[in-house]
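What follows is a short report on a single structure.
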Amino acid sequence: MLAIVEIGTKQYLVKKGDKIKVQRLKEKEGKISFDKVLLLSDDKKTKVGTPYLEKAHVEAQIQGEIKDKKVIIYKSKRRKKYRRKQGHRQIYTNLTITRIASTSS
């Protein structure tokens, strides 16, 4: 079974057992459930929400946080000896999809 779920401000195509990297979540560990499901699909039938499906949710296990690789920001102004160098590492949350559920028929 496939699902398109909205986590934070982005949408992800997931199936059971997938490991995904999402924007940092407030929760640090344990299980989490997402009810903003936009699409559910299996071999026979596809359901599309307007915009979300009622009585559908995706459950996931939080695997921890990771930092992305460093991005360097460099600014300079010519002939003025103005130089600024700054680095940034975005923090992401790793999730493992454990269950995709729909109670409606």
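Basically the working numbering = 1-based index in the sequence shown + 3. C-beta: ideal position from N, C-alpha, C; glycine also.
- Looking at HIS91 and LYS73, is the spacing between their C-beta atoms short of 8 Å? For the purposes of this step, residue 73 is identified with residue 70 of the sequence shown, where counting begins at 1. For the purposes of this step, residue 91 is identified with residue 88 of the sequence shown, where counting begins at 1. In contact: LYS73 and HIS91 (Cβ atoms closer than 8 Å).
- Item | Alpha-carbon to alpha-carbon, ILE65 and ALA6 | Translated into positions along the sequence shown, residue 6 becomes position 3. Translated into positions along the sequence shown, residue 65 becomes position 62. Distance between ALA6 and ILE65, taken at the CA atoms: about 18 Å.
- Determine the DSSP secondary structure at LEU3, reduced to helix, strand or coil. In the structure as shown, the chain starts at 4 and stops at 108, and residue 3 therefore has no counterpart that could be examined.
- Query: Can you give the beta carbon distance from VAL8 to VAL40, rounded, assuming they're within the 8 Å contact cut?
  - Reply: Sequence index remark: in the sequence shown, residue 8 carries index 5 (1-based). Sequence index remark: in the sequence shown, residue 40 carries index 37 (1-based). That belief holds up - the Cβ atoms of VAL8 and VAL40 are roughly 5 Å apart, short of 8 Å.
- Query: Using CA coordinates, which residue listed in ASN97, ARG102, MET4 and ILE103 is at the minimum distance from ASP45?
  - Reply: Against the sequence shown, residue 45 aligns to sequence position 42. Nearest of ASN97, ARG102, MET4 and ILE103 to ASP45, Cα basis: MET4.
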